[in-house]
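The block underneath contains the structure these notes are about, expressed in structure tokens.
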Amino acid sequence: MWKETPSHDRKNQMGNYCMMLSKFRLSSLVVMSSMAGYALAPAPFDLTTFALCAIGTGLTSAAANSINQYHEVPFDAQMSRTKNRVLVKGLLEPVHAIGFATLAGSTGLGLLYFGVNPLTAALGATNLILYTSVYTPMKRMSIYNTWLGSVVGAIPPLMGWAGCAGVLDPGAVVLSVILYSWQFPHFNALSWNLRPDYSRAGYRMMAVTDPALCRRVALRHTGVIVGACLASSYLEVTNTWFALESLPLNLYFMYLAWQFHQKSDSNSSRKLFRFSLIHLPALMLLMLVNKKNWYKSDTQEQETTKVQDVKIPDSRISVLPRRPVVAAQESDLSP
Numbered sequence: 537m538w539k540e541t542p543s544h545d546r547k548n549q550m551g552n553y554c555m556m557l558s559k560f561r562l563s564s565l566v567v568m569s570s571m572a573g574y575a576l577a578p579a580p581f582d583l584t585t586f587a588l589c590a591i592g593t594g595l596t597s598a599a600a601n602s603i604n605q606y607h608e609v610p611f612d613a614q615m616s617r618t619k620n621r622v623l624v625k626g627l628l629e630p631v632h633a634i635g636f637a638t639l640a641g642s643t644g645l646g647l648l649y650f651g652v653n654p655l656t657a658a659l660g661a662t663n664l665i666l667y668t669s670v671y672t673p674m675k676r677m678s679i680y681n682t683w684l685g686s687v688v689g690a691i692p693p694l695m696g697w698a699g700c701a702g703v704l705d706p707g708a709v710v711l712s713v714i715l716y717s718w719q720f721p722h723f724n725a726l727s728w729n730l731r732p733d734y735s736r737a738g739y740r741m742m743a744v745t746d747p748a749l750c751r752r753v754a755l756r757h758t759g760v761i762v763g764a765c766l767a768s769s770y771l772e773v774t775n776t777w778f779a780l781e782s783l784p785l786n787l788y789f790m791y792l793a794w795q796f797h798q799k800s801d802s803n804s805s806r807k808l809f810r811f812s813l814i815h816l817p818a819l820m821l822l823m824l825v826n827k828k829n830w831y832k833s834d835t836q837e838q839e840t841t842k843v844q845d846v847k848i849p850d851s852r853i854s855v856l857p858r859r860p861v862v863a864a865q866e867s868d869l870s871p
């Protein structure tokens with residue numbers, strides 16, 4: 537139930553409340569994966585489009601997370617991890633959450649459509665609908681919500697790629713597969729220690745309904761990540777060095793998933809979850825460092841072409857003395 541608070545306190549805290557509604561850290565991860573897709577795309581880098589894509593993606597993610605919290609208030613109240621969220625504690629009225637989500641979503645999609653391109657906006661709108669209207673209710677209906685949630689997490693890099701290149705190439709799919717598969721060891725390890733919470737709130741998660749499947753899927757998808765990293769070199773998204781440099785990182789990730797699969801305890805799940813937070817940013821950084829081709833902007837290419845095409849006319853050379861020193865000496869000796 538909403539609790540009345542002094543108006544000046546609400547104004548001072550409104551920014552913090554909006555950040556909590558948007559799940560700021562999760563939205564930051566979404567933006568990071570989108571920008572990785574932008575930077576890896578085979579097209580010239582444009583700072584303005586890059587910034588608009590980042591802001592639009594972040595606002596769309598904030599809207600989706602706000603709507604998600606609006607729908608899940610009664611269930612969040614039953615979980616220790618989510619019982620302190622702003623809507624659960626009554627720090628904001630539900631209408632405020634809907635208003636913020638509407639403003640953030642419309643602004644974000646508008647920036648993506650008019651400032652980036654329609655394809656990126658369409659991907660953003662699809663993700664918003666999937667997360668709020670399909671994934672959110674599915675969490676209480678089927679364990680396959682995790683697979684659908686991973687699709688939602690795999691779309692942001694496609695948005696970044698489309699924002700830069702305007703199309704989706706096979707390289708974009710490789711990056712999306714990495715994000716898709718990464719979410720299984722990440723979330724399955726997280727949910728393992730939250731099984732009492734999820735069970736109490738009625739969420740049908742693998743960790744609750746089929747623990748053995750939860751561990752198998754986490755291990756399986758660390759192997760998929762290894763294959764996707766090898767494919768990125770084959771498809772010339774990255775050079776061959778990336779396949780070698782990413783191998784120790786991916787193999788250790790797989791080892792932790794194997795430990796989780798074998799031991800199935802809180803310690804092994806915690807180690808896997810914590811390393812997943814390091815693994816993804818490190819892998820994205822390695823991909824950027826080992827990008828196969830870097831492209832100049834159209835302006836830079838035109839300037840380079842102009843410089844190469846400049847030739848000194850022969851008429852300018854012919855007016856100079858062939859031997860200027862000798863010519864000066866002869867003029868001094870003349871009467």
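Per this note's numbering, the very first residue in the sequence shown carries number 537; after that it's consecutive. Ideal Cβ placement from N, Cα and C applies to all residues, glycine included.
By the Cβ test, the region 643-652 is not in contact with the region 674-687, since fewer than three Cβ pairs between them sit closer than 8 Å.
Taking 7 Å as the cut-off, the Cβ atoms of residue 776 and residue 768 do not count as close. If you ignore the 5 residues before and after residue 828, its C-beta comes within less than 7 Å of the C-beta of 772, 773, 774, 775, all in its own chain and listed in chain order. Annotation for residue 776: the continuous alpha helix (DSSP H) segment containing it runs 776-799. As DSSP reads the structure, residue 675 sits in no beta bridge. By the Cβ rule, the region 586-602 counts as touching the region 556-575, because three or more pairs are nearer than 8 Å. Cβ contact annotation for residue 656 (same chain, cutoff 6 Å, sequence separation greater than five): 648, 695, 698, 699, in chain order.
Look at the region 719-759 and you find these whole runs of alpha helix (DSSP H), each 4 residues long or longer: 731-737, 742-745. Boundaries of the alpha helix (DSSP H) harbouring residue 601: 583-607, taken from the DSSP string.
CA-CA distance, residue 817 to residue 765, rounds to 14 Å.
The residue from 619, 610, 802, 606 with its alpha-carbon nearest to that of residue 633 is 606.
Collapsing the DSSP output to three states places residue 828 in coil. In this structure, residue 554 keeps its C-beta atom at 7 Å or more from the C-beta atom of residue 574. Nearest to residue 678 by C-alpha distance, out of 726, 740, 825, 725, is 740. Here residue 720 is near residue 753, since their CB atoms are less than 7 Å apart.
In the structure shown, residue 624 adopts coil according to DSSP, grouped into three states. The region 723-742 and the region 795-812 touch, with no fewer than 3 CB-CB distances between them shorter than 8 Å. Excluding the 5 residues flanking it on each side, residue 760 has same chain C-beta neighbours closer than 6 Å at 717, in chain order.
For residue 702, there is no enclosing alpha helix (DSSP H), as DSSP gives it neither H nor E. Spatial neighbours of residue 652 in its own chain (CB-CB distance under 7 Å, excluding positions within 5 residues in sequence) are listed in chain order as 585, 588, 589, 592, 699.
Short of 7 Å from the beta carbon of residue 793, and not among the five residues preceding or following it, lie these beta carbons of its own chain, in chain order: 721, 754, 755, 758, 808. The residue from 743, 712, 552, 629 with its alpha-carbon nearest to that of residue 577 is 712. Inclusion of residue 802 and residue 729 in the CB contact set at 7 Å is warranted, their separation being smaller than that value. One alpha carbon belongs to residue 748, the other to residue 797, and they sit about 8 Å apart. Of all alpha-carbon atoms in 821, 742, 735, 822, the one lying nearest the alpha-carbon of residue 681 is that of 742.
Ranking 625, 596, 594, 595 by CA distance to the CA of residue 608 puts 625 first. Exclusion of the five residues before and after residue 790 leaves 758 as the residues of its chain whose Cβ lies within less than 6 Å of its Cβ. Residue 663 carries a helical assignment under DSSP once its states are collapsed to helix, strand and coil. In this structure, DSSP gives residue 771 a state outside helix and strand, which the three-state scheme calls coil.
For residue 631, the uninterrupted alpha helix (DSSP H) run begins and ends at 630-646, by DSSP. Across the structure, residue 784 and residue 704 are spaced so that their CA atoms are roughly 29 Å apart.
Minimum Cα-Cα distance from residue 819 among the listed residues 563, 549, 569 corresponds to 569.
In the three-state reduction of the DSSP assignment, residue 682 falls in the helix class. Separation of residue 691 and residue 707 (C-alpha to C-alpha, rounded to the nearest whole angstrom) is 14 Å.
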